[in-house]
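Participant: Got a structure here, written out as structure tokens. Questions coming.
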Amino acid sequence: MQIYGPSQIHGPQPINAPHGVKPAQQLNRTESPQIADEVDISDAARLVDQVHQMPETRSSRIEAVSRQIAEGTYETPEKLSIAVERLLDEIG
Numbered sequence: 536m537q538i539y540g541p542s543q544i545h546g547p548q549p550i551n552a553p554h555g556v557k558p559a560q561q562l563n564r565t566e567s568p569q570i571a572d573e574v575d576i577s578d579a580a581r582l583v584d585q586v587h588q589m590p591e592t593r594s595s596r597i598e599a600v601s602r603q604i605a606e607g608t609y610e611t612p613e614k615l616s617i618a619v620e621r622l623l624d625e626i627g
């Protein structure tokens with residue numbers, strides 16, 4: 536690097552008029568390219584979305600049914616009758 540001293544410092548500069556502003560060119564809207572976004576959703580993302588849309592489980596209800604099954608008191612004749620009626624209604 537070379538330093539030449541104060542003789543290389545520029546003196547006062549004249550004040551110039553501002554640069555002229557050119558009018559903007561108008562774009563032809565019919566020639567603008569059509570841009571379309573595209574989204575690909577994976578099968579895994581669809582499954583995650585389905586899980587999020589499912590109603591929340593009631594852990595207290597699950598625990599109560601699990602306890603009844605363990606004790607052998609869950610399957611009663613009344614519950615079996617209701618289940619058979621619902622099955623027959625679905626079949627036709």
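Per the numbering used here, the sequence shown starts with residue 536, numbered consecutively. We treat Cβ as the ideally placed atom computed from N, Cα and C, and that holds for glycine.
#1: Is Val600 near Tyr609, with beta carbons less than 9 Å apart?
#2: Do we get a CB-CB distance below 9 Å when we pair Pro590 with the residues of chain B?
#3: In terms of residue numbering, what span does the alpha helix (DSSP H) encompassing Pro549 cover?
#4: Using the Cα positions of Ile617 and Glu606, report the straight-line distance between them to the nearest angstrom.
#5: So, with DSSP's three-state summary, where would you put Ser482?
#6: Roughly how many angstroms separate the alpha carbons of Arg596 and Gly627, rounded to a whole number?
Facilitator: So, from the data block:
#1: One-based indexing of the sequence shown puts residue 600 at position 65. One-based indexing of the sequence shown puts residue 609 at position 74. Against a cut-off of 9 Å, the Cβ pair of Tyr609 and Val600 comes out as a contact.
#2: The structure shown contains no chain B, having only a single protein chain.
#3: Within the sequence shown, residue 549 is the residue found at index 14, counting from 1. Here Pro549 belongs to no alpha helix (DSSP H), and DSSP marks it neither H nor E.
#4: Residue mapping note: residue 617 aligns to position 82 of the sequence shown, counting from 1. Residue mapping note: residue 606 aligns to position 71 of the sequence shown, counting from 1. Answer to the nearest angstrom: the Cα atoms are 21 Å apart.
#5: Past the boundaries of the shown model lies residue 482; the chain is included only from 536 to 627, so the question cannot be answered.
#6: In the sequence shown, residue 596 corresponds to position 61, counting from 1. In the sequence shown, residue 627 corresponds to position 92, counting from 1. Approximately 30 Å, taken between the alpha carbons.
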